[in-house]
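A quick write-up on the structure given underneath.
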Amino acid sequence: MDQGKPFAVRLKVGNEKVAFEDVIRGTIETSTDQLGDIAISRGLDGALYNYSVVIDDHEMKISHVIRGEDHIPNTPKQILVQRAFGWEQPIYAHLPLILGTDRTKLSKRHGATSLKDYIGQGYLPEALLNFLSLLGWHPSGDREVFLTQELISEFSLDRVQKGGAIFNIVKLNWFNNYYLRKKSVADLRETAVAFLVQDGFLEPAGENGYRYPQTGTIATPAYLESVFALAVERLNTLGELKDAIRYFFEDPSCEASMIPWKQMTRDETRGILKRIKEVFDKVSPDEFGKEKITVALEELYQGDKGHVLWPLRVVLSGKEASPPPFDIAAIVGKDTVMRRIDNAIQTLL
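So the mapping is simple: the working numbering equals the position in the sequence shown, first residue as 1, plus 5.
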């Protein structure tokens, strides 16, 4: 110290066994000859983790230390510091680590990100909580879906497993889709709009609703509710929403090769689109709903719906997979449907 050289302050440790009872793993015992004297400070003002965390826990009156199993090697060191102070030892529970699908510790190479990043991708807090609670913990029954208060009532450390839990993104997506579909129409609109506004897809437009900045189109709350209610069945996350609903706000573009059904020629497809336009023309704009559209199309099927519904789906959505075309047509309205059919007929020339 007098020479100004770097030094460490260490807690002198005798030759003994340090044992503690882990709620999850039972008795864990360590010999101090594996630890050596414990470094507690780098210099006089550089308190190290295993020293400072003991003081923090004591000052905050922490009764239970619940953390990952990778902290097990730190525990005997912290117990020795507690003993040196003469403080009561908290209860320890070391949770299993979350693993990737290759059963190695979850890391960024598995796509692991912070909870904030998952929220930014469009995962709901309630879905994340439900999913994460089941990683390493088993409820008393076979249920998987739990409300927050139910988790609080059901959770017990004695049902936490010792082995690592696999982070399965497919399962997380299932939970997120479930919680999206469970929302009321109004709640879904509020949640989806907040996400899309933050992302710049929509802009507030006063009492009228929200503006789609690419075209200046104003979407009313009722219109948005219809769009979200139709799209939600196919969504894993809110982050997928923009691509899933863009065609409700602007005319889609599609290659001419996408429009025909199976072996249909362009001429045959143009003919079908013209006939669709003719039957739609008989339906007034005010009556242009799903039921009227469905009935109007029936006279064109001739036993095979694909040659009618496939071109209509692609024309309206620009996609090969979408909600039923009559649902889309009912939402966007007759004028938009007729315009998109005209555009497709020109594309097929």
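Where a beta carbon is used, it is the ideal one built from N, C-alpha and C, also for glycine.
C-alpha gap between residue i and residue j, whole angstroms
i, j, result
"Asp-256", "Leu-133", "35 Å"
"Leu-193", "Leu-16", "57 Å"
"Leu-177", "Pro-11", "49 Å"
"Ile-223", "Met-65", "53 Å"
"Asp-61", "Ala-98", "18 Å"
"Gly-276", "Met-263", "16 Å"
"Leu-201", "Ser-189", "18 Å"
"Asp-248", "Leu-240", "10 Å"
"Pro-328", "Lys-295", "12 Å"
"Thr-106", "Leu-140", "13 Å"
"His-143", "Asn-79", "27 Å"
"Glu-34", "Ala-52", "26 Å"
"Ala-326", "Asp-147", "34 Å"
Where residue i sits in the DSSP three-state scheme
i, result
"Phe-118", "First, the amino acid is wrong: residue 118 is Thr here, not Phe. Coil."
"Trp-179", "helix"
"Leu-354", "coil"
"Ala-326", "coil"
"Ile-174", "helix"
"Leu-317", "helix"
"Phe-253", "helix"
"Lys-22", "strand"
"Val-288", "coil"
"Arg-108", "coil"
"Arg-164", "helix"
Whether residue i touches residue j by CB criterion (9 Å)
i, j, result
"Phe-90", "His-69", "no"
"Asn-173", "Val-150", "no"
"Arg-186", "Val-237", "yes"
"Gln-166", "Pro-101", "yes"
"Gly-214", "Leu-229", "yes"
"Thr-37", "Val-23", "yes"
"Phe-285", "Ala-335", "no"
"Leu-302", "Ile-333", "no"
"Leu-246", "Tyr-128", "no"
"Gln-180", "Thr-220", "The identity of residue 180 in the sequence shown is Phe, whereas the question assumes Gln. Not in contact: Phe-180 and Thr-220 (Cβ atoms no closer than 9 Å)."
"Ser-145", "Arg-164", "yes"
"Ile-45", "Tyr-56", "yes"
Spatial neighbours of residue i in its chain, beta-carbon cut-off 6 Å, leaving aside the 5 residues before and after
i, result
"Tyr-252", "Ser-322, Gly-323"
"Tyr-184", "Leu-129, Glu-131, Ala-132"
"Ile-77", "His-99"
"Gly-48", "none"
Cutoff 8 Å; reference residue i; Cβ partners in own chain excluding five residues on either side
i, result
"Ala-261", "Arg-271, Thr-352, Leu-353"
"Ile-124", "Pro-130, Leu-133"
"Leu-104", "Lys-110, Leu-111, Gly-169, Ala-170, Ile-171, Phe-172"
"Ser-138", "Phe-151, Leu-156, Phe-160"
Cutoff 7 Å; reference residue i; Cβ partners in own chain excluding five residues on either side
i, result
"Leu-40", "Val-18, Pro-81, Lys-82"
"Pro-330", "Leu-314, Leu-317, Arg-318, Leu-321"
"Asn-348", "Asp-256"
"Gly-168", "Pro-101"
"Cys-259", "Val-319, Gly-323"
Cutoff 9 Å: residue i Cβ touching any chain D Cβ
i, result
"Thr-196", "Among the chains of the structure shown, chain D does not appear; only one protein chain is present."
### Whole runs of the beta strand (DSSP E) within the stretch 28-106, excluding any shorter than 3 residues
31-36, 43-47, 69-73, 96-100
### Task
Could you tell me which uninterrupted alpha helix (DSSP H) segments, each at least 4 residues in length, are contained entirely in the stretch 179-246, listed from first to last along the chain?
190-204, 226-236
### Message
Just to confirm the assignment: which complete alpha helix (DSSP H) runs, minimum length 4, are found wholly within the stretch 116-151?
### Response
120-125, 130-138
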